[in-house]
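Structure first, then comments.
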Amino acid sequence: MRIVISLAENEGETSKVALQFGRASYLGVKADKTPARIIVNPGQSKQSGAGVAAAQAVVEPPLQGEVLLTGSVGPKAWQALKAGQLNIYQLTAAEKTLAEAVAAFEAGKLVQLTVSKKPGLANKAGF
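In the UniProt record's numbering, the protein residues as written are 1 to 127.
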């Protein structure tokens, strides 16, 4: 199983998680017993469409995730992730590192999200 985690830094298994998906600095993928692979999130610096750009990175090579662990996902990113058939699980402040997030998921401690929990940027701006 390929588990993708939104990250704030690139420090391998000890990388701190990011609770915002689209603006996370990095995206990491953990597959079985192999070391985590971490890439720069292409959505992090976009003026708009950050979540959609991040979602595309998650579903396409090299990440090709099956599961996403993150804090919150905006509605447009949510649609892109669900089109890619990803299962999305919510991280909390309790999971501080990539390794802790994966362990919590594998132990069944994370809640699977069934709807977007966050308004998109356009909704925050009142559009």
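For every residue, glycine included, the Cβ atom is placed at its ideal position computed from N, Cα and C.
Beta-bridge analysis with DSSP links Gln90 to Thr70, Val111.
Around Ala55, the same chain offers Ala77, Ala80, Leu81 as residues with beta carbons nearer than 6 Å, after the five sequence neighbours per side are excluded.
In this structure, the beta-carbon distance from Thr97 to Thr14 falls below 8 Å. Taking the Cα of Glu9 as reference, the smallest distance to any Cα among Gln44, Val67, Glu66 is reached at Gln44. Per DSSP, Lys30 is one residue of the beta strand (DSSP E) stretching across 26 to 31. Residue environment for Gln20: buried (at least 16 other C-beta atoms within 10 angstroms of its C-beta).
Counting the other Cβ atoms within 10 Å of the Cβ of Ala101 gives 16 or more, which makes it buried. Beta-bridge partners assigned by DSSP to Val40: Tyr26. With a cutoff of 8 Å on beta-carbon distance, Val59 and Asn87 are scored as not near each other.
Thr34 carries a coil assignment under DSSP once its states are collapsed to helix, strand and coil. Burial state of Gly28 is buried, judged by a 10 Å Cβ sphere holding 16 or more other Cβ atoms. Scanning Gly49, Tyr89, Ala18, Ala83 for the CA closest to the CA of Ala107 turns up Tyr89.
Beyond the five residues adjoining it in sequence on each side, Met1 comes within less than 8 Å, by CB distance, of Ala31, Asp32, Glu66, Val67 in the same chain, given in chain order.
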